[in-house]
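Single-structure report; data block below.
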């Protein structure tokens, strides 16, 4: 704990628990207090321990007392906490209640029969969670016990990382990770910069430059840094990695205050590169670091399969209650006869006669509940969890997802949604970096309306006959140089320092590093035309012009780019003292801010290059008089020093500065389409998926890309709802309403309501595509509350549903999420998938049912926040059509099979009550009740759900139409569910009554011995185990040695166990009722014949269906289309015979 303080408002002393209201914290550098007024109180910060246990939560300071310890597992509290967590699940709690009923009420079965499976499930889950928590604890210790160096009393003191306090000055050396969030004070470089990689935080492997404030860069030793007396005021911890607001007040001879931003903050987990050492002061520690705050997971997503399981559970719970109620009622009807109620051989005690009948009926009802409770499959939850967890490795192991360029494959961040990959209805994709390579190449530029497309002799040695620039009319020479200077000055590119080269010299090969590939492409484009960016030193930008002269400009201010402004600017000062502003940005952000003269030719060039599919930026400049600059500088410094609403204040000032500019020209950069992007979209479309492109790019550029990637076909009729089409009318709302009505009429006429699948109609009728931009979308989604405007959204939704493809351009990140949310809430709740590569795609990735991140060049924010991550867009095809299809079929079969085999199991038990006077007599031995789901039938279905390929994965990928066969959760609808239920009922009746008729001849052995009820139950159980296992064998299309081992091994284990269990007199059993029963049963030839015959009769409907399907399959082969043979597939006639 440290005793740093927090300033309070209004001069009132408040404790640290009210920090959220105050919103800032004050940290003393080196924990050396400066002047401490009376209105300061000590604030307590958390220590630097990282605790990532499963149930851990960051410490919360509710008062001024000592910090509470984070709640996490220990040796002493693991068991109670873990049990509490597990019994919060409804299924586990239900079986606990059943177990307690068995313990407290005189029930027909032993508490072991339900207690042991429950114990098994709880134990397996606890071991898994305990092991995971131990791994986290071990990883935490590696971090917390790591040695670090702290400056105390002008000396380097070695401490464990967890002992760092807020305010400590920490020394970090090259290739070390930062132990907490630090404000950079100084580095070994003369300009106070350092290079950092944040690959462990956001996946970006390129070096980022961070800066120390100018007043502390000289403090490069332990002795000098200890003399610093300063206080840092900054915002309270928040998880955004890319935002930080603060200021540092340095108490020297005079008080100096400097603003602090993200460029001054070194994040825990990042690594120091190409810098020998730095000094930084800890501002956020432990669970308050930005990395720790990002531990908090995304909101839990539930798959459609989980919802189906819950519905089926309700149905089976209803069946259970019905069975128990029927048996209870029939028992008391049967006992109305005195002889049946109290036969001579089973007289009641006086206590039983005195018991209230209502209480006795309730007890009997509970007893029947216990007897039939195995119809609810407790082990299904464990099997489903294991199937999802183990199944996810197949995605990670798939070599087709490996990308040699980045040396990485696919990554599964959550395994809970594997089967959802096979149920996607809508795909929302970003354009830049997702459909395209995000590998930019400078193609051409326009200066004052004159087109330039070529290179100079001096830079590339190419022979050009038309002087330094190629075959187009040229602008004035001064304007050319002004444009190229703008490209060299207006950016955030850094030069990567190579240790083999002593600094960046004019002759050295320069390596450019930037957060966006566009920036590098423009700097390289300027270099082609003779202007070379040489780097920034001590706040001065150095460039080499066409005459190989070095020009130097002092960088006064950078007005950073953001997705709202869609532009960035720099203010620089020449050696002569002139102050210039250079600005570049999207045409929609630049054109309204420049003088109108000479704008038309540049606008025409921008529109033409956009139609060619190029990314365009416009460049402008203006001279700033010294008086105006003094005012601007003062406003910017004040805004940068603000701790509250800093971004809003800066945005207002930026908006005021970037006006009345002079347009110089525009650039065109090519972003090539990704490999197989077009083929992937074609496959998704053929699979019945609707693909929407959501991009921030211009409509013309995005439209061209959509044609290139075949989202729009040449035959596709495009419907436009853009600013251009709406501005034809004086009132935008009226024109919008007219267009919406017109488009709806056209589409409803084309697609009249019918019972046929809409997906089929796509392939037979005119295809329509919709184009909408951000401003029009705002009109639709944020319309006024009158009746006509409220109708916009519903009409828009109707239009979207009828279109095969939609392009949304000029979209803000929030609008992307709004679009996804709108589609999610459509009737029928379609399954949505979003795929993107940048930070601006995170909102839609989190909003959709399934989020896919591309490991792109704009960092790894999208990949970190996604459910699945793949290197390229083309991998989406196999991920959905192959893996998604198989995952869904496997888990759907698993769920249906579990309910089927448990109904087969319990139905004979229910029928048996009609022949035993409803006495709650169990049909099966307690060992069989316990082992049925745990041992005898669990492994075959697990192996099936992991390995089954009813259709080869290559066939699934090459024939996308097969994806439609499982869409709409087809295999878990009520139809297939009822089929499995009736099949189980049929087989259960065959098991029971087949054996019952066999036992009509009571003397089955040669020695005329009579079989008893335990033999009867064992015969039924034997037929049951063999039938449900062989049923799975009949369903298996893809046999491996594992399938053979678990299927035949399970049957062999059952036989071995039965001989073993009945071959020994067990001393802990009161009754040896199973002794020698199994062996004696198999000594009868008629029993053998009955078992084989009843198994065949039970499986005969399945065998008959397989024969019929094979006949149909042969006819399909004649038409060169092989269909998968799964009964639960829904029939679709689009493209199928």
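In my numbering, the protein residues as written are 174 to 1310. Cβ atoms here follow ideal geometry from the backbone N, Cα and C, with glycine treated the same way. These figures come from a predicted structure and were not determined experimentally.
Contact between the region 1150-1167 and the region 1216-1236 is not established, with fewer than three Cβ pairs separated by less than 8 angstroms. For secondary structure counted as the alpha helix (DSSP H) over 4 or more consecutive residues, the region 648-731 holds these complete runs in sequence order: 650-662 and 690-701. One alpha carbon belongs to residue 788, the other to residue 804, and they sit about 35 angstroms apart. The C-alpha of residue 222 is placed about 5 angstroms away from the C-alpha of residue 335. The alpha-carbon of residue 818 is positioned some 48 angstroms away from that of residue 567. Counting only runs of at least 3 residues, the region 432-505 fully encloses the following beta strand (DSSP E) elements, listed from N- to C-terminal order: 444-446 and 450-457. In this structure, the beta-carbon distance from residue 350 to residue 441 falls below 9 angstroms.
When DSSP states are grouped into helix, strand and coil, residue 843 belongs to the strand group. Under the Cβ criterion (8 angstroms, minimum of three pairs), the region 1121-1128 does not count as touching the region 579-595. Cβ-Cβ distances below 7 angstroms link residue 340 to 175, 177, 200, 201, 202, 203, 204, 454 and 455 in the same chain, with the five nearest sequence neighbours on each side left out; the list follows chain order. For residue 829, the uninterrupted alpha helix (DSSP H) run begins and ends at 819-830, by DSSP. The region 940-953 makes no contact with the region 829-838; the number of CB pairs closer than 8 angstroms stays below 3. Under the three-state reduction of DSSP, residue 812 is assigned to helix. Under the three-state reduction of DSSP output, residue 625 falls in the strand class. Taking the CA atoms as reference points, residue 984 sits about 53 angstroms from residue 1281.
Bridge partners of residue 865 according to DSSP: 601 and 979.
Taken through DSSP and simplified to helix, strand or coil, residue 1042 comes out as strand. In terms of Cβ geometry, residue 860 and residue 551 do not form a close pair [threshold 9 angstroms].
One Cα belongs to residue 286, the other to residue 220, and the distance between them is close to 49 angstroms. Shown here, residue 1137 sits in a helix according to DSSP, grouped into three states. Counting C-beta pairs with one atom in each stretch, the region 759-771 and the region 843-863 have fewer than three that are closer than 8 angstroms, which means they do not touch.
In the displayed model, residue 970 falls within a helix according to three-state DSSP.
For the options 1086, 1043, 1134 and 1014, the alpha carbon positioned closest to that of residue 1027 is the one of 1043. Two segments are said to touch when three or more pairs of C-beta atoms, one from each, lie closer than 8 angstroms; by this definition the region 823-832 does not touch the region 1011-1026. Residue 613 sits in a strand when the DSSP states are folded into three classes. A check of alpha carbon separations from residue 1171 across 1257, 791, 1051 and 1091 identifies 1257 as the nearest.
Close CB contacts of residue 330 within its chain, under the 8 angstroms cut and outside five residues either way in sequence, are with 322, 323 and 324 (chain order). Bounds of the alpha helix (DSSP H) holding residue 251 are 251-259. In this structure, the CA atom of residue 419 is about 18 angstroms from the CA atom of residue 207.
According to the DSSP secondary-structure assignment, residue 1024 is paired through a beta bridge with 1007.
When 428, 437 and 540 are compared, the shortest CA-CA separation from residue 390 is found for 437. Counting the other CB atoms within 10 Å of its CB gives residue 491 a total below 16, which places it among the exposed residues. The residue from 502, 1093, 1265 and 1073 with its alpha-carbon nearest to that of residue 1205 is 1073. In the structure shown, residue 802 adopts helical secondary structure according to DSSP, grouped into three states.
Looking only at 1145, 879, 1187 and 534, the smallest Cα-Cα distance to residue 595 is reached by 1145. Pairing residue 809 with residue 743 gives a Cβ-Cβ distance that is not under 9 angstroms.
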